[in-house]
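Reading through the structure tokens given below for one structure.
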Amino acid sequence: MQNEEDRNVPRIVDTEIMEEHIESTYMVPFAEFVDRFDTFRDGSFPSHWHHGMEIHLILKGRARFLVNGIAYTVKEGTGIYIASRAIHSMKKADNGTISYNIVVDPQIFIYFLRNIQCTKYIAPLIQELPDALLIENSNEEGNRVLSALASIRDIDKDEEAYELFVLEKLICLWRSLYLIVPHRPGGRQSRGKMLREKRMRIMVEFIRKHFNEPISIRQIAEAANVSKSECYRCFSLLSEVPPSEYLNKIRLLHAAQLLANTNHSIITICYQVGFNDTSYFAKMFKREYGLSPRSYRNKELMAHCLSLDPV
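My numbering puts the sequence shown at residues 1420 to 1730.
As structure tokens, this is what we get:
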């Protein structure tokens, strides 16, 4: 497998999810990301969710994933499957941890396999796959999943029939997941658990859309049509942080991006991300990042200049 530093692929940092996104000019129905956990505050990434299923391959170190309130530790050379729409966060267990991951909409498999027993090979996995599944390299099918991920990661995107290669590997990956998962009727979750997770997704989405507004815990709860106490309960069970702390983390993540990537004044950024008091903003930012907003901007500017140094 190539080292991450050797891969000649264009990248952007996504302003919404703060991950390093491998940009592709091809119409390939999946998204790729590289997560360098050391670049996250405290090595952690806050709770979020995707419409598609997500599969991580840990390239270096170890990471702790919290998926719908259940913790998983994933070591180097192994991976984890995360179900579509599952609330999850992640944190490094070792310094220098790096993960490669893809997000795929299961609908792609329905489209390509609709004529070869879709109900046999697609529906059972969508209905029965757990919220998360550790993928070990010690068993044959798990190793095939990890190998497929590595192949997608390493393929030259200028290679002839690149898209067909990716689709081939995605089908192989799905087959191995099908063989790994024990098939049983009844689905993977209780009705109550599914309802709580749905509420949590709504509240997380509300915060991400309105973080720059003066929103209250009551408004966050009302977005999911629940009481404030149920709002706190959802965040406690599924993200391990209260809603107010989660809101501040999202605001501060966006503030850090604006400090690093724009010339906006610190006062302007304070209000842009939803704070209404510059002293409180500076205090919370230093608590989260260990630096004042001005010092953080200078540090990022220096790092950018060094990265451009040809020496």
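All residues carry an ideal CB built from backbone N, CA and C; glycine is no exception.
Could you give the DSSP three-state label for Thr-1458: helix, strand or coil?
-> helix
Limits of the unbroken beta strand (DSSP E) element including Gly-1731 = This structure gives no information on residue 1731, because the portion of the chain shown stretches from 1420 to 1730.
Just confirm the distance between the C-beta atoms of Ala-1512 and Ala-1551, as a whole number of angstroms; I'd bet it's less than 8 Å.
-> At roughly 16 Å, the Cβ-Cβ gap does not stay under 8 Å, so Ala-1512 and Ala-1551 are not in contact.
Just the C-alpha distance for Ile-1527 and Glu-1582, rounded to the nearest angstrom, thanks.
-> 13 Å
Are the stretch 1450-1466 and the stretch 1630-1638 in contact at 8 Å, needing three or more beta carbon pairs?
-> no
Where do the N-terminal and C-terminal ends of the alpha helix (DSSP H) with His-1475 fall, by residue?
-> From DSSP, His-1475 is part of no alpha helix (DSSP H) but of the beta strand (DSSP E) over 1472-1479.
Should Tyr-1519 go down as buried or exposed, given a rule of 16 or more other Cβ atoms within 10 Å for buried?
-> buried
Give the DSSP bridge partners of Val-1630, in chain order.
-> Per the sequence shown, the amino acid found at residue 1630 is Phe instead of Val. The partner list for Phe-1630 (beta bridge, DSSP) is empty, contrary to what the question assumes.
Mark Tyr-1699 as exposed unless 16 or more other C-beta atoms lie within 10 angstroms of its C-beta, in which case mark it buried.
-> exposed
Residues in its own chain within less than 6 Å of Leu-1488 by CB, not counting five upstream and five downstream?
-> Here the sequence assigns Gly to residue 1488, which means Leu is not the residue at that position. If we look at Gly-1488 and ignore the five residues flanking it on each side, its Cβ neighbours are Leu-1656, Leu-1657.
Residues bridged to Lys-1361 [DSSP beta-bridge criterion] | Lying before the first or after the last residue shown, residue 1361 is absent from the chain, which here runs from 1420 to 1730.
Out of Ala-1482, Gly-1693, Tyr-1500, Asn-1644, state which residue places its alpha-carbon closest to the alpha-carbon of Ile-1517.
-> Ala-1482
Taking Glu-1562 as part of the alpha helix (DSSP H), name the residues at either end of that continuous run.
-> Inspection of the sequence shows that residue 1562 is occupied by Asn rather than by Glu. Where Asn-1562 is concerned, the enclosing alpha helix (DSSP H) stretches over 1559-1573.
Whole-angstrom distance between Asn-1667 and Cys-1650, CA atom to CA atom | 16 Å
Tell me, to the nearest whole angstrom, how far the beta carbon of Phe-1625 is from that of Ile-1521; I am working on the premise that it is less than 8 Å.
-> The Cβ separation is near 27 Å, so there is no contact.
Quick one: measure Cβ to Cβ for Gly-1808 and Asn-1556, integer angstroms, because I've assumed they're closer than 8 Å.
-> Here the chain has residues from 1420 to 1730 only, and residue 1808 is not among them.
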